[in-house]
Structure formats: structure tokens, C-alpha cells
């Protein structure tokens with residue numbers, strides 16, 4: 003941001019890695035742009051929603067979240083990613099919690115042995131881009147790669163594909179729809 007200052011441009015870094023940090027960014031933007039009241043309204047809506055939100059989960063599920071790429075690979079989403087944050091808010095327990103050293107967006111490449119040992123109850127898949135191709139790749143991966151046959155989630159058909167309209171890289175104001183989607 004020093005390059006921007008040198009050019010006489012005000013800049014601000016917005017952390018959209020979680021719902022909470024997005025509202026923090028909204029507060030900062032409100033102050034920066036003289037829109038404190040509007041920002042506070044959004045923050046109040048957030049606080050009220052979180053207070054009233056209850057998950058329908060009757061038992062805790064251990065979840066592994068995979069971000070699929072259409073060109074044939076995937077990354078694991080830790081609790082520090084946006085989708086990881088949504089799963090936590092919905093009451094899921096990410097097998098790669100916030101102590102997992104991922105990249106700045108909360109993603110990590112993990113070796114298969116480590117993944118098998120974590121044996122999640124459920125696998126959630128979302129697409130980095132090109133949802134149809136990315137999901138097709140993951141479906142083929144689960145069916146044809148024998149390594150996946152050791153997972154309870156795969157044996158019990160507990161694999162869920164999350165629609166791109168709600169589940170992406172960064173927090174957005176439709177996070178409540180995403181949370182409602184995860185609720186069951």
C-alpha cells in the first residue's frame with residue numbers, strides 16, 4: 003500500500019477470510035468513507051443473526067473441505083479459509099483446524115497418508131472456478147482412486163458438493179444463505 007500512498011491514493015486492506023473479519027473490514031470502511039451508521043447497521047444485523055443462529059446438527063461431524071480445480075487437483079481448506087469459517091459457524095469440526103499452517107487464504111496441500119489418518123465423517127467439496135469441471139474431476143477421483151476407499155465419508159456416501167454461488171474464496175454478504183445451506 004506504500005506505492006498507493008506515493009501515488010496519492012488512499013488504500014485499505016480488507017480481510018475477507020472469515021465472516022467476522024469481513025464485518026471488521028466493513029467497520030473500517032465505514033470510518034474511512036464517513037458511513038459509520040450504514041456500517042453499524044450491517045454489523046448489528048450480523049450480531050443479531052449470529053445470536054439467533056442455531057445449527058440443526060444433533061452430533062458433531064468431523065469435516066474435511068476440499069477446494070477442487072478443474073485441471074485435476076485439489077487443496078484442503080483449513081478452518082482459516084472462508085469456507086472453513088462457514089463450516090465452523092455451522093457447527094462442523096474441520097479436521098484441519100486453525101493450527102494447520104496453510105497459505106494466506108487458509109489452504110494447504112496435504113499428503114494422502116495424513117488425510118487418511120484424519121478420517122472425516124463428511125467431505126465437502128467446493129470449486130475454485132469452473133464448478134462443473136471441478137466437480138466432475140473430484141467425482142472421478144473418489145470413484146477411481148483406491149486411496150479414497152479407506153475413508154468412512156466415502157464408504158458412507160457423505161460427500162457433498164457446495165454450489166459456487168454461496169461458497170467461494172472470500173466472504174461476501176450472502177454468507178447467511180451459505181450458512182443456511184450448511185445447516186442440515
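Numbering (the numbering used here), first residue to last: 3 to 186. For every residue, glycine included, the Cβ atom is placed at its ideal position computed from N, Cα and C.
Going by DSSP, residue 15 is part of no alpha helix (DSSP H) at all; its letter is neither H nor E.
Less than 8 Å separates the beta-carbon of residue 88 from that of residue 181. Residue 81 sits buried, since 16 or more C-beta atoms from the chains shown fall within 10 Å of its C-beta. Every alpha helix (DSSP H) of 4 residues or more that sits fully in the region 110–147 is shown, in chain order, as 114–120, 133–146.
Per DSSP, the unbroken alpha helix (DSSP H) holding residue 49 starts and ends at 38–54.
Distance from the CA of residue 170 to the CA of residue 105, rounded to the nearest whole angstrom, comes to 16 Å. Non-local C-beta neighbours of residue 38 in its own chain, meaning closer than 7 Å and more than five positions away in sequence, comprise 32, ordered along the chain.
Under DSSP, residue 96 shares a beta bridge with 65.
Taking a C-beta distance under 8 Å as the contact criterion, residue 162 and residue 117 do not qualify as a contact pair.
Its Cα nearest to that of residue 78, the residue 100 stands out among 152, 100, 158. For residue 177, the CB contacts under 6 Å within the same chain, skipping 5 residues up- and downstream, are 21 in chain order. Note on residue 184: 16 or more other CB atoms within 10 angstroms of its CB, so buried under the neighbour-count rule. In the structure shown, residue 162 falls within a strand segment according to DSSP collapsed to helix, strand and coil.
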